[in-house]
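A.B. asks: Here you go, one structure.
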Amino acid sequence: MDRLVARYVAKMVEQRIADDGMPVLGCRDSDIVWSREDPKITGILEDVFEHLNINSLLHCRPAEPYGSMIEYLAAHSDGAILPQDTETRTFLHDLPLAASFTMEEVVHNLKRRKTVILPGGEIISFGTVSPQQAFIGFSSVCFACFVKFMSDRLQDYRAAKMDDPARRIMDDALQKLQISHTHEKISHGGPYITQDEVHREMARVGRLTVMNGMVDSYFGNISYLMDDTLYISQTGSSLDELEGTIDPYPLDGSSCAGITASSELTAHLRILETTGKRAILHGHPKFSVIMSLDCRVEDCDGAGRCHLECPKMRTIGDVPIVSGEVGTGRYGLCNTVPEAMVGNRGVIVYGHGLFTVGQTDLDEPLNNLLDIERLCLDEFVRLTS
Amino acid sequence: MVRYGWTGRILEVYLGDRTSRVIEPPAWLYEKFIGGKGLAGHYLSQHLDMEWDDPDMPILIFAGPLVGTRAPTSGRTTVMSRSPLTGTVGDTSVGGGLGTKMKRARYDGIILRGSSNKWIGVEIVDDSVAFVDASPLLGLTNGDAMDLLAGKGSVALIGPAAQRGVRFSSLMVDRHFAAARNGIGLGFAKKQIKYLSIDGGARVPVYDARELVRAREDIFRLVSASPILLGESGIRNMGTPALYDLMHTRRMMPTDNFRTTFFSDAPDLNANAVKERYSPRKKGCTGCHILCKKGSRDGVVLPEFETLSHFTALLCNNDLHTAVRANELCNEYGIDTISAAVTLACFSEIEGERLTPDRIMEILGQIVRREDIGDQLADGSALWAASRGKPSLSMSVKGLELPAYDPRGAYGMALAYATSTRGGCHLRAYPIGHEILRKPVATDRFSFAGKARTIKIAEDTNAVIDSLTACKFVFFASSLEEYAHALTAVTGVETTATDLSKTGERIYYHERIMNARWGFSSKDDDLPPRFFEEAGSSGPDFDVPPLNRDDFLGARGRYYKIRGLDADGAPTRDKAKELDLKWTG
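Note that the protein sequences, when read in sequence, are chains B and C.
In terms of my numbering, the first sequence opens at residue 1 and continues consecutively.
In terms of my numbering, the second sequence opens at residue 1 and continues consecutively.
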């Protein structure tokens with residue numbers, strides 16, 4: 001229990017969504033273990049534990065710029081923040097706001113949803129199986145609110161109505177991001193010839209993907225084809241901790257051991273078919289998502305259904321934007337991304353994230369991911385300057 | 001009076017004098033127990049002074065408020081009584097169309113009371129209840145009997161095994177769906193009910209159809225995102241045998257009566273082998289789009305994961321077709337495949353006889369006919385092993401044989417087997433979801449840390465699912481959050497995930513109260529000693545040691561505390577009061 005609590009607090013700090021010493025994470029079996037004692041917070045959270053059938057609770061004001069963005073969105077929303085990204089649509093539905101930090105307000109909201117946002121921008125989230133769920137909820141709120149905040153600013157800018165506080169928050173965020181997006185090309189070479197090498201390279205590139213801020217939390221996936229077996233990250237794995245969480249999927253279907261493979265396994269398999277490439281990386285880089293939401297087509301027949309099916313051919317630079325939901329099913333992105341990937345280095349899925357491919361090694365899709373995100377960031381900056 | 005989702009009507013059938021009447025429970029009772037397993041438990045708890053075979057011990061067939069509506073995967077039914085096999089609360093959730101037809105006949109449940117003096121069928125069509133001579137069906141296998149009952153709506157039928165008194169006999173619904181565990185089929189046989197059919201034409205009224213569509217979309221979106229459900233290797237494509245390879249690679253496949261956890265022939269007996277040999281076609285319950293059940297081209301239902309694993313690895317059998325034939329025989333004669341295979345494995349170990357494919361089929365045939373050695377094995381592994389002076393070699397908990405997940409490879413599963421109110425059951429908490437399938441998130445399968453509360457929460461959640469009566473598989477992707485939305489839309493009664501979870505806690509505690517009255521205590525919340533004394537099979541880079549007894553008991557103690565039980569696992573008056581349950585201690 002102590003180990004689990006310490007692990008997720010450290011992960012929040014590593015992923016720069018929380019400042020060191022800020023998270024209050026409690027995990028409860030028969031007794032509660034807290035990451036730190038803060039009677040003003042833990043006193044209320046202990047009461048919350050008594051009213052919910054859960055095993056973990058997290059309270060934290062996110063690190064900047066997330067904290068300011070969430071506080072701003074909360075002040076300008078009524079009852080709940082309604083982001084349009086896929087993480088929210090699929091897993092969180094909406095982001096309720098509490099009027100105050102009291103047991104009653106927190107319980108009222110967490111009875112219905114996985115997270116609640118307090119007036120000061122703090123987030124409370126919970127888990128029923130592991131504190132990992134509380135971490136994911138927290139991280140997803142940060143991601144969703146970043147995307148919404150920046151998407152809203154793009155619209156504000158076009159309507160010439162951006163207020164000063166929003167401008168300040170946006171500029172601060174962009175200034176920091178421009179630094180962290182500077183990167184050097186990486187090349188280790190492929191193709192890989194042993195399973196150990198595949199595992200090692202997937203873990204290395206996965207870590208770089210997270211370190212570069214190209215994916216948060218337990219989202220994103222990565223795969224590499226060698227000898228008619230696709231090695232792919234497991235569902236719910238963290239790209240910066242892939243050791244022991246890579247599934248082999250034999251292309252002849254002779255084993256179902258890959259039942260725990262990423263929910264995007266079908267998309268990866270079809271991308272292999274349509275492109276003949278060997279390496280695939282999927283992340284949720286924020287500006288790729290933000291720019292995918294920025295559609296200026298008026299009087300569109302598909303309005304309101306952009307995440308399901310889009311009748312237009314949209315691009316950012318040379319990169320196509322397609323519709324599609326997570327996984328399979330009628331509107332699954334496995335039906336849109338593979339075809340759009342033909343002849344392209346990457347494809348952005350509306351409101352969701354970015355898929356990139358490489359011919360021989362995993363550095364190529366990582367470089368493509370970084371380049372395309374940089375392209376989207378530059379485009380955002382150009383549009384808001 | 002309830003108006004939406006629930007019909008507000010329960011049919012009581014009196015088998016002795018062949019009469020029936022409709023009762024209309026108050027709305028608070030529905031809100032207190034939801035329906036399905038919860039509501040059935042309410043009626044079962046009025047008979048705590050009875051043995052399972054007392055003529056006044058009822059059999060309860062209940063559906064939940066979502067059944068018959070467009071809420072996803074909500075077409076299941078609870079069948080409950082006191083278990084003929086174990087003496088515990090004996091409920092089983094079954095697929096098919098039984099619940100849907102019951103709701104369309106405008107009943108939330110059917111209570112079968114008393115006993116008939118000769119074999120009958122109970123035929124229900126809307127408000128009409130007929131008692132029909134069932135003697136022409138007695139010599140028939142289930143498939144043949146179902147052929148004769150075609151056109152009567154949904155049919156629940158016991159087979160020849162129940163007629164002959166097999167303690168782990170099942171109830172087959174709509175030919176392909178088994179209410180298998182706990183020996184519920186023998187309860188029907190004791191009352192001399194050969195079958196129950198039901199048909200109805202009413203629609204289940206929904207309070208807010210638009211909101212239900214929204215809830216449905218949220219659930220479908222999550223299901224589509226689930227690799228376990230709809231992925232390439234998921235159970236829609238491959239059926240539940242999709243789990244076979246996973247249990248093999250995780251060294252959790254019970255082999256040779258749980259003496260090892262690795263079966264070297266497994267890669268040739270997996271879901272792909274089934275697919276290549278039998279070209280399965282998808283089948284499913286009414287109202288489900290996952291369609292996890294598989295049948296061969298000639299109509300034979302193919303084994304589920306548990307059955308496939310136990311009729312191969314557990315018996316050291318490497319002949320796939322024997323597993324398929326064994327499954328078919330169990331279904332045709334009406335016995336639980338899990339209990340049957342574990343009982344055979346127990347026999348194999350105690351007698352020191354390696355069972356060939358022919359011998360497996362021979363003994364199974366003797367069990368369903370209760371002849372030769374089968375007459376003794378028909379009482380289940382626990383009674384048989386005890387009769388041979390080796391009770392520890394029955395791989396069961398509370399007398400219910402264990403499914404195909406070795407607890408040494410998943411410590412939450414170990415705890416959940418022990419605390420399950422119906423004995424050796426994987427579905428009360430199904431920690432395989434997080435310990436192996438990584439849903440909703442992955443947990444450390446070789447650790448008890450945090451598992452006591454996790455198991456308690458999951459038991460509460462699954463009690464709600466069985467009361468709704470929905471399918472547990474969909475909860476690999478969805479949660480009570482989305483189903484609370486659906487339930488509110490269907491019934492108009494505002495509820496939340498937390499409200500439902502509290503109701504689930506009440507339903508589960510209610511079962512602990514009943515079991516306590518029937519003499520169950522901490523001595524029964526335990527595992528066979530083998531799991532604490534013998535290691536499982538090691539993997540390429542990990543060991544599967546025996547469970548640490550002290551760690552297990554520590555986790556069980558924490559579970560008791562969290563569940564509100566005393567140190568001996570007994571319910572307390574205070575907790576019963578908190579949950580608004582009648583104290584019968």
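We treat Cβ as the ideally placed atom computed from N, Cα and C, and that holds for glycine.
C/Thr491 to C/Pro65, Cα distance in whole Å?
C.D. replies: 7 Å
A.B. asks: Runs of 3 residues minimum, wholly inside the stretch 295-321 of chain B: which ones carry the beta strand (DSSP E) assignment?
C.D. replies: 314-316
A.B. asks: Quick one: does B/Cys256 have its CB under 7 Å from some CB of chain C?
C.D. replies: yes
A.B. asks: When burial is assigned at 16 or more other CB atoms within 10 Å of the CB, is C/Asn548 buried or exposed?
C.D. replies: exposed
A.B. asks: Between the stretch 318-334 of chain B and chain C, which residues of the former have CB atoms less than 7 Å from a CB of the latter, in chain order?
C.D. replies: Glu325, Val326, Gly327, Thr328, Gly329 and Gly332
A.B. asks: At what residue ranges does the stretch 51-121 of chain C contain a whole run of the alpha helix (DSSP H), taking only runs of 4 or more?
C.D. replies: For the stretch 51-121 of chain C, whole alpha helix (DSSP H) runs of length 4 or above, ordered along the chain, are 98-104.
A.B. asks: Does the CB of C/Gly399 have a neighbour CB from chain B at under 7 Å?
C.D. replies: no
A.B. asks: Applying the 10 Å Cβ sphere with the 16-neighbour rule, what's the burial state of B/Ala75?
C.D. replies: exposed
A.B. asks: Does C/His310 have its Cβ less than 7 Å from a Cβ in chain B?
C.D. replies: Chain B contact via Cβ: absent.
A.B. asks: Check whether the Cβ of C/Glu232 lies closer than 7 Å to any Cβ atom in chain B.
C.D. replies: yes
A.B. asks: Can you tell me which of the three DSSP states C/Trp518 falls into?
C.D. replies: If DSSP states are grouped into helix, strand and coil, C/Trp518 belongs with coil.
A.B. asks: Quick check: is the beta carbon of C/Gly450 nearer than 7 Å to any beta carbon in chain B?
C.D. replies: yes
A.B. asks: Assuming B/His51 and B/Val24 form a contact by the criterion Cβ under 8 Å, report the distance between their Cβ atoms to the nearest whole angstrom.
C.D. replies: So it is not a contact: roughly 18 Å between Cβ atoms.
A.B. asks: Can you check which of these residues, B/Ser255, B/Ser262, B/Asn212 and B/Ser254, is closest to B/Ile232 by C-alpha distance?
C.D. replies: Of B/Ser255, B/Ser262, B/Asn212 and B/Ser254, the residue nearest in Cα terms is B/Ser262.
A.B. asks: Look at the alpha carbon of C/Ser93 and the alpha carbon of B/Pro119, and state the distance between them as a whole number of angstroms.
C.D. replies: The straight-line gap separating the alpha-carbon atoms of C/Ser93 and B/Pro119 is approximately 45 Å.
A.B. asks: Under 7 Å between the Cβ atoms of C/Ala202 and C/Arg106?
C.D. replies: yes
A.B. asks: Given that C/Leu437 touches chain B, what residues does it touch there, using C-beta distances under 9 Å?
C.D. replies: Thr235, Ile259 and Thr260
A.B. asks: Using a Cβ-Cβ cut-off of 7 Å, state whether C/Pro540 counts as contacting chain E.
C.D. replies: Of the protein chains in this structure, namely B and C, none is chain E.
A.B. asks: Listing by chain order, which chain B residues have their CB less than 7 Å from the CB of C/Met238?
C.D. replies: Cys256
A.B. asks: Give me the Cα-Cα distance between C/Glu401 and C/Tyr430, rounded to the nearest whole angstrom.
C.D. replies: For the pair C/Glu401 and C/Tyr430, the Cα-to-Cα distance works out to about 16 Å.
A.B. asks: Who are the neighbours of B/Thr128 on chain C, taking C-beta pairs under 7 Å?
C.D. replies: One finds Ile457 in chain C with Cβ atoms closer than 7 Å to the Cβ of B/Thr128, taken in chain order.
A.B. asks: So is the beta-carbon of C/Gly234 under 6 Å away from any non-hydrogen atom of the ligand ZN?
C.D. replies: The model on display carries no ligand, and the ligand ZN is accordingly not part of it.
A.B. asks: Quick one: what does DSSP say B/Met214 is sitting in, helix, strand or coil?
C.D. replies: coil
A.B. asks: Listing by chain order, which chain B residues have their CB less than 7 Å from the CB of C/Ile228?
C.D. replies: Ile259
A.B. asks: So, helix, strand or coil for C/Met294, using DSSP?
C.D. replies: Looking at the sequence itself, residue 294 of chain C is Lys, so the reference to Met does not match. Looking at C/Lys294 - three-state DSSP - the assignment turns out to be strand.
A.B. asks: What residues from the stretch 260-292 of chain B come within 9 Å of chain C, judged by C-beta to C-beta, listed N to C?
C.D. replies: Thr260, Ala261, Ser262, Ser263, Glu264, Leu265, Thr266 and Leu269
A.B. asks: Would you call the stretch 553-560 of chain C and the stretch 496-507 of chain C touching, i.e. three or more CB-CB distances under 8 Å?
C.D. replies: Contact fails: fewer than three Cβ-Cβ distances are below 8 Å.
A.B. asks: Determine the direct distance from the alpha carbon of C/Asn318 to that of C/Leu308, and round the result to whole angstroms.
C.D. replies: Between the C-alpha atoms of C/Leu308 and C/Asn318 there is a straight-line separation of about 11 Å.
A.B. asks: Nearest by alpha-carbon distance to B/Gly351: which of B/Asp163, B/Ala144 and B/Ala173 is it?
C.D. replies: B/Ala144
A.B. asks: Flag B/Arg253 as yes if its beta-carbon sits less than 7 Å from any beta-carbon of chain C, otherwise no.
C.D. replies: At residue 253 of chain B the sequence reads Gly, which differs from the Arg that was named. Output row for B/Gly253: interface = yes.
A.B. asks: Is there a Cβ from chain B that is less than 7 Å from the Cβ of C/Pro586?
C.D. replies: Past the edges of chain C, shown from 1 to 585, lies residue 586 of chain C, and the structure says nothing about it.
A.B. asks: Using the three-state DSSP reduction, which class does B/Met226 fall into: helix, strand or coil?
C.D. replies: strand
A.B. asks: Note down, in chain order, all residues in the stretch 136-152 of chain B with a beta-carbon under 8 Å from any beta-carbon belonging to chain C.
C.D. replies: Ile136
A.B. asks: Which residue comes first and which comes last in the alpha helix (DSSP H) that contains C/Leu344?
C.D. replies: C/Leu344 -> alpha helix (DSSP H) spans Thr337 to Glu351.
A.B. asks: Assuming C/Ile436 and C/Leu246 make a contact with CB atoms under 8 Å, what is their CB distance in whole Å?
C.D. replies: C/Ile436 to C/Leu246, Cβ: 6 Å. Contact.
A.B. asks: Can you name the residues that DSSP bridges to C/Tyr405?
C.D. replies: Answer by DSSP bridge pairing: none, since C/Tyr405 is not bridged.
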